[in-house]
Amino acid sequence: MHKSPRVLCEVNTCTHWLLGNLCTAANIDILYEEEGKMAQKDAHTECKTFYKKNGITSYLGSMDNVNWGGLVSGSFREGQQITPAVVCIVESCKYWAKGNLCEAETIQVSGQNANECQDTNCKTFEEK
Numbered sequence: 000m001h002k003s004p005r006v007l008c009e010v011n012t013c014t015h016w017l018l019g020n021l022c023t024a025a026n027i028d029i030l031y032e033e034e035g036k037m038a039q040k041d042a043h044t045e046c047k048t049f050y051k052k053n054g055i056t057s058y059l060g061s062m063d064n065v066n067w068g069g070l071v072s073g074s075f076r077e078g079q080q081i082t083p084a085v086v087c088i089v090e091s092c093k094y095w096a097k098g099n100l101c102e103a104e105t106i107q108v109s110g111q112n113a114n115e116c117q118d119t120n121c122k123t124f125e126e127k
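Going by numbering that gives the first Met the number 0, the residue at position 85 of the sequence shown is 84; the numbering climbs one at a time, nothing skipped.
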């Protein structure tokens, strides 16, 4: 069974972001920033799961994709990582694997103060 990478997320404007650069989403999707164009650098990628914090309604809108089990166990068990399942369609990345899997041990999602998913990037991206 494939193990998803640890996710370090700096996107502090996302409803899934948690202090300590954790991601509370159950699943995240890393995509090409421009559909139909192969990524050549991390700026050509995005976290499509980004959901902008904008009051209580934004949290309600993103509740269908919360890793409740990881959130609860991560809060009470030291060393436990809240790790979302990662789907990556960026085939030009050296960490991409058949089945849209990511073989990196850890991925870093950047985009501090992002307003939309296009403002986020997978900083771990390395071109094949």
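Note that beta-carbon positions come from the ideal geometry of N, C-alpha and C, so glycine has one too. Computed from a predicted model, the values in this text were never measured in an experiment.
### Query
What is the C-beta distance between C46 and T119, in whole angstroms, given that I count them as a contact (C-beta under 8 Å)?
Counted from its first residue, the sequence shown places residue 46 at position 47. Counted from its first residue, the sequence shown places residue 119 at position 120. At roughly 4 Å, the Cβ-Cβ gap stays under 8 Å, so C46 and T119 are in contact.
### Closest Cα partner of N26 within the set V85, L17, W95 and T12
As a working note, residue 26 is residue 27 in the sequence shown. Nearest of V85, L17, W95 and T12 to N26, Cα basis: V85.
### Whole runs of the beta strand (DSSP E) within the stretch 4-33, excluding any shorter than 3 residues
5-8 and 26-31
### Query
Excluding five sequence neighbours on each side, which residues of the same chain lie with their C-beta closer than 6 Å to the C-beta of T123?
In the sequence shown, counting from the first residue as 1, residue 123 sits at position 124. Only A103, I106 and Q107 meet the Cβ criterion.
### Message
Considering just the uninterrupted stretch of the beta strand (DSSP E) at C46, what are its terminal residues?
### Response
Locating residue 46 in the sequence shown gives position 47, counting from the first residue. For C46, the enclosing beta strand (DSSP E) has its first and last residue at T44 to C46.
#### Entry: Closest Cα partner of N53 within the set A113, I88 and E90
As a working note, residue 53 is residue 54 in the sequence shown. It is A113 whose Cα lies nearest to the Cα of N53.
### Task
Report the option in S91, P83, M37 and K51 whose CA atom is closest to the CA atom of G110.
By 1-based counting over the sequence shown, the position of residue 110 is 111. Checking every option, the nearest Cα to that of G110 belongs to K51.
### Task
Would you mind working out which of G19, H43, K36 and G35 sits nearest V10, comparing C-alpha positions?
Looking up residue 10 in the sequence shown gives position 11. When only C-alpha atoms are compared, the closest one is G19.
### Query
To which residues does DSSP link N120 through a beta bridge?
As a working mapping, residue 120 is identified with position 121 in the sequence shown. For N120, which the question treats as bridged, DSSP gives the partners S109.
### Message
Please state whether the Cβ-Cβ distance between A42 and E34 is less than 9 Å.
### Response
Residue numbering aside, residue 42 sits at position 43 when the sequence shown is read from its first letter. Residue numbering aside, residue 34 sits at position 35 when the sequence shown is read from its first letter. The answer is no: Cβ separation not under 9 Å.
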